[in-house]
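Residue numbers (full-length UniProt numbering), protein chains in the order written: chain F, 1 to 253; chain L, 1 to 253.
Note sheet for the following structure.
So, in structure tokens, the structure goes:
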């Protein structure tokens with residue numbers, strides 16, 4: 001495997017009781033997944049764990065050794081239930097320290113917003129040795145230590161942090177995808193899908209059924225890092241669907 | 001701990017490349033989480049893994065030994081990328097067999113829909129020893145084997161399967177919750193939240209900030225299995241917020 005063929009992988013650890021209780025519908029998995037695609041990094045596993053030191057620590061240690069990057073969302077705010085920094089520091093065996101630049105950012109941010117109290121100063125705490133992921137929206141920065149990137153749980157703030165990381169992480173070939181879809185029952189084209197995939201060894205085809213207005217449809221997503229093979233695979237699939245008499249739409253429906 | 005105090009736990013394993021690529025935003029985590037709350041079962045971990053035999057198998061074996069129940073979503077359809085049954089069977093060390101009742105259900109369902117072909121018959125395959133989770137929407141049933149409950153990835157079909165499981169799983173005390181919220185910066189009430197939580201040992205308070213129309217607010221979610229202590233905790237928190245001069249709303253905003 002040459003350097004350019006190396007596949008870069010990432011895991012996402014979503015930290016938060018509010019996701020596990022169903023109170024809050026997670027928006028970060030899809031957001032981080034899409035962003036990683038563009039960086040040439042594959043999101044390969046997601047875990048959601050509660051706001052508990054040991055559960056966060058176990059997950060961090062399992063994921064940071066298995067993947068190139070581990071992103072976390074949640075638990076870096078000012079309140080008592082924000083324990084992600086403590087949990088990651090404990091997992092890494094380093095103390096928690098006040099990051100001077102984070103403190104300065106927060107002092108500046110809260111100058112016109114009531115001043116920097118003890119709770120707000122919590123957001124300057126980092127595992128020793130960490131760098132900051134700057135965030136213009138709320139002042140409080142994200143944290144980067146080793147291959148771990150810690151972000152806020154609020155999706156709009158996490159988005160700002162991803163934005164400031166854009167282009168800064170080493171990645172590989174971007175996974176390209178094309179979608180073909182129509183009012184097709186996937187169970188009627190299962191053989192075709194399997195054969196087309198087998199004929200294109202660097203492509204993967206996913207089949208995603210949907211049900212709308214009492215009708216059954218499916219989208220077929222073809223993924224490859226090779227643009228030519230991707231195009232050839234899409235052509236072959238479209239030909240096959242046409243020969244079977246299906247109406248379909250490149251781009252999916 | 002008495003029998004009624006036993007906490008019943010569950011994990012959810014979301015199986016699907018489409019979630020990890022960001023193409024599809026997961027809806028099953030929140031759906032399963034909310035449903036479990038009502039059954040008196042706590043969702044304690046979620047993992048999302050790709051459509052790969054070994055990755056599904058590893059996760060199944062890790063989760064089924066750690067929790068009372070493991071739910072899976074995705075990968076039980078008719079196409080080549082639907083490998084969840086094979087992966088779970090391999091993880092359990094049992095063969096895959098055609099379930100006669102599932103076959104009968106599918107034969108009946110497809111009588112008026114083009115007949116039961118090989119692809120559709122795939123949806124009657126189960127790990128040996130499994131029972132079915134009946135589903136009126138699409139014909140194809142979910143699968144129950146040991147403490148593993150396998151459901152469809154399409155949220156509306158997963159919902160049908162959950163519905164047919166309602167009241168059938170042993171659970172414990174239901175985790176109750178109340179929300180109090182307002183245009184409050186959580187960093188201004190962090191001490192109050194911590195003190196109120198410390199004063200109610202069977203309650204947990206989560207603090208969830210939000211940003212809307214350029215303003216900052218927060219919802220505080222108080223959780224307990226004890227209705228009296230929950231009510232007392234909510235009262236104490238509301239008194240504290242009132243004394244600090246905040247406008248807030250029981251029920252949250």
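Cβ coordinates follow ideal geometry from the N, Cα and C atoms, glycine included.
Since the model is a prediction, treat every value here as computed from it, not as a measurement.
### Query
Looking at the C-beta of residue 69/L, does it have a partner C-beta in chain F at a distance below 8 Å?
Within the second chain, residue 69/L is the residue found at index 69, counting from 1. Any Cβ of chain F closer than 8 Å to the Cβ of residue 69/L would place that residue at the interface, and such an atom is absent.
### Task
Please list the residues of the stretch 200-222 of chain F that have a C-beta atom closer than 8 Å to any C-beta atom in chain L, keeping them in chain order.
Those residues of the stretch 200-222 of chain F that come within reach of chain L (Cβ to Cβ, closer than 8 Å) are 204, 205, 206, 207, 208, 209, 210, 211 and 221.
### Task
With DSSP as the reference, label residue 166/F as helix, strand or coil.
In the first chain, counting from the first residue as 1, residue 166/F sits at position 166. Coil.
### Message
Tell me the rounded alpha-carbon separation between residue 265/F and residue 60/F.
### Response
One cannot answer for residue 265/F here, as it falls past the ends of chain F, which runs 1 to 253.
### Inter-residue Cα distance where the pair is residue 94/F and residue 84/L
Position 94 of the first chain, counting from 1, holds the residue named residue 94/F. Position 84 of the second chain, counting from 1, holds the residue named residue 84/L. Spanning the two alpha carbons is a distance of roughly 40 Å.
### Message
Which of the three DSSP states is assigned to residue 219/F in this structure?
### Response
Walking along the first chain from the start, residue 219/F turns up at place 219. The three-state secondary structure of residue 219/F, taken from DSSP, is strand.
### Message
For residue 236/L and residue 190/L, I'd like the C-alpha separation in whole angstroms.
### Response
Against the second chain, residue 236/L aligns to sequence position 236. Against the second chain, residue 190/L aligns to sequence position 190. Distance between the alpha carbons of residue 236/L and residue 190/L is about 14 Å.
### Task
Drop a sphere of 10 angstroms on the beta-carbon of residue 11/L, count the other beta-carbons inside from all chains shown, and report buried for 16 or more, exposed for fewer.
Position 11 of the second chain holds residue 11/L. Classification of residue 11/L: buried, given that the 10 Å Cβ count is 16 or more.
#### Entry: Beta-carbon separation (whole angstroms), residue 64/L vs residue 148/L, contact threshold 8 Å
Residue numbering aside, residue 64/L sits at position 64 when the second chain is read from its first letter. Residue numbering aside, residue 148/L sits at position 148 when the second chain is read from its first letter. The beta-carbon distance between residue 64/L and residue 148/L, rounded to whole angstroms, is 6 Å. This is short enough to meet the 8 Å contact definition.
#### Entry: Strand pairing of residue 45/F, partner residues [DSSP]
Taking the first chain and counting its residues from 1, the one referred to as residue 45/F is at position 45. Its beta-bridge partners are 11/F.
#### Entry: Test: residue 22/L CB closer than 8 Å to a CB of chain F
By 1-based counting over the second chain, the position of residue 22/L is 22. Cβ-Cβ to chain F under 8 Å: yes for residue 22/L.
### Query
Cα-Cα, which of 119/L, 250/L, 216/L and 16/L is closest to residue 185/F?
Within the first chain, the letter at position 185 stands for residue 185/F. The residue with the shortest Cα to Cα distance from residue 185/F is 119/L.
### Query
So with Cβ pairs under 8 Å, would you call residue 249/L a contact of chain F?
One-based indexing of the second chain puts residue 249/L at position 249. Output row for residue 249/L: interface = no.
### Task
Please work out which residues of its chain come closer than 8 Å, Cβ to Cβ, to residue 245/L, disregarding the five sequence neighbours upstream and downstream, and give them in chain order.
Walking along the second chain from the start, residue 245/L turns up at place 245. Beyond the five residues adjoining it in sequence on each side, residue 245/L comes within less than 8 Å, by CB distance, of no other residue in the same chain.
### Task
Locate the alpha helix (DSSP H) running through residue 240/F, then write down its first and last residues.
On the first chain, residue 240/F is found 240 positions in, with the first residue counted as 1. That run of the alpha helix (DSSP H) goes 227-243.
### Task
Would you verify that the beta carbon of residue 99/F is, or is not, closer than 8 Å to some beta carbon of chain L?
As a first step, residue 99/F is located in the first chain; it is residue number 99 there, counting from the start. Not an interface residue.
### Short CB-CB distance (under 8 Å) between residue 72/F and chain L
The residue given as residue 72/F occupies position 72 in the first chain. For residue 72/F, the nearest beta carbon of chain L is not closer than 8 Å to its own beta carbon.
### Task
Report back the beta-carbon spacing between residue 105/F and residue 150/F to the nearest angstrom; my notes put them in contact at under 8 Å.
If you number the first chain from 1, residue 105/F lands on position 105. If you number the first chain from 1, residue 150/F lands on position 150. Residue 150/F and residue 105/F do not touch by the CB rule: their CB atoms are close to 15 Å apart, not below 8 Å.
### Task
Return helix, strand or coil for residue 132/L, following the three-state DSSP convention.
Counting from 1 along the second chain, the entry for residue 132/L is found at position 132. Taken through DSSP and simplified to helix, strand or coil, residue 132/L comes out as strand.
### residue 243/L: contacting residues in chain F (beta-carbon distance under 9 Å)
In the second chain, residue 243/L corresponds to position 243, counting from 1. Under a criterion of Cβ atoms nearer than 9 Å, no residue of chain F is adjacent to residue 243/L; the nearest Cβ is some 17 Å distant.
### Message
Which complete alpha helix (DSSP H) runs does the stretch 73-141 of chain L hold, if anything under 4 residues is left out?
### Response
Given a length threshold of 4 residues, each whole run of the alpha helix (DSSP H) inside the stretch 73-141 of chain L is given here in chain order: 84-92, 100-110 and 118-121.
### Nearest-angstrom Cα separation, counted from residue 123/L out to residue 172/L
The sequence position of residue 172/L within the second chain is 172, counting from 1. The sequence position of residue 123/L within the second chain is 123, counting from 1. Residue 172/L and residue 123/L have their alpha carbons spaced roughly 33 Å apart.
### Task
Look up residue 2/L in the DSSP assignment and say whether it is helix, strand or coil.
Within the second chain, residue 2/L is the residue found at index 2, counting from 1. Here residue 2/L scores only 42 on pLDDT, less than 50, and its place in the model should not be relied on; the value that follows carries that caveat. It is coil, neither helix nor strand.
### Message
Against residue 18/F, what residues of chain L qualify as contacts under a CB-to-CB distance less than 8 Å, listed in chain order?
### Response
Locating residue 18/F in the first chain gives position 18, counting from the first residue. Against chain L, a Cβ distance below 8 Å from residue 18/F picks out 206, 208 and 221.
### Closest by C-alpha distance to residue 220/F, when choosing among 248/F, 243/F, 202/F and 228/F
Residue mapping note: residue 220/F aligns to position 220 of the first chain, counting from 1. Residue nearest to residue 220/F within the set 248/F, 243/F, 202/F and 228/F is 248/F (criterion: CA-CA distance).
### Message
Per DSSP, what are the beta-bridge partners of residue 206/L in this structure?
### Response
The sequence position of residue 206/L within the second chain is 206, counting from 1. Looking at the DSSP assignment, residue 206/L forms a beta bridge with 221/L.
### Query
Would you report the Cα separation of residue 49/F and residue 176/F, rounded to the nearest angstrom?
Sequence index remark: in the first chain, residue 49/F carries index 49 (1-based). Sequence index remark: in the first chain, residue 176/F carries index 176 (1-based). C-alpha separation (whole angstroms): 31 Å.
### Query
With burial defined as no fewer than 16 other Cβ atoms inside 10 Å of the residue's Cβ, what is the status of residue 156/L: buried or exposed?
Your numbering for residue 156/L matches position 156 in the second chain. By the Cβ neighbour-count rule, residue 156/L is exposed, with fewer than 16 other Cβ atoms within 10 Å of its own.
### Query
Would a C-beta distance cut-off of 8 Å place residue 41/F and residue 29/L closer than the cut-off?
What you label residue 41/F is simply residue 41 of the first chain in a count that begins at 1. What you label residue 29/L is simply residue 29 of the second chain in a count that begins at 1. Not closer than 8 Å, so no.
### Task
Would you mind working out which of 36/F, 34/F, 53/F and 14/F sits nearest residue 73/F, comparing C-alpha positions?
By 1-based counting over the first chain, the position of residue 73/F is 73. For residue 73/F, the nearest C-alpha among the options comes from 14/F.
### Task
Return the Cβ separation of residue 203/F and residue 222/F in integer angstroms, given the expectation that the two are a contact with Cβ distance under 8 Å.
In the first chain, residue 203/F corresponds to position 203, counting from 1. In the first chain, residue 222/F corresponds to position 222, counting from 1. Their Cβ separation, rounded to whole angstroms, is 6 Å, which keeps residue 203/F and residue 222/F in contact under 8 Å.
#### Entry: residue 178/L, DSSP secondary structure in three states
In the second chain, counting from the first residue as 1, residue 178/L sits at position 178. Strand at residue 178/L.
### Task
To the nearest angstrom, report how far apart residue 215/F and residue 34/L are at their CA atoms.
Taking the first chain and counting its residues from 1, one reaches residue 215/F at position 215. Taking the second chain and counting its residues from 1, one reaches residue 34/L at position 34. Inter-residue distance for residue 215/F and residue 34/L is about 28 Å (C-alpha atoms, whole angstroms).
### Query
Who are the near neighbours of residue 27/L in its chain, counting only those whose CB is closer than 8 Å to its CB and skipping five residues on each side?
To locate residue 27/L, count along the second chain from 1; it is residue 27. Around residue 27/L: 155.
### Beta-carbon spacing of residue 256/F, residue 152/F below 8 Å
Given that chain F is displayed from residue 1 to residue 253, the structure contains no residue 256/F and the question cannot be resolved.
### Query
At a Cβ threshold of 8 Å, is residue 125/F touching chain L?
Against the first chain, residue 125/F aligns to sequence position 125. By this cut-off, residue 125/F is not an interface position.
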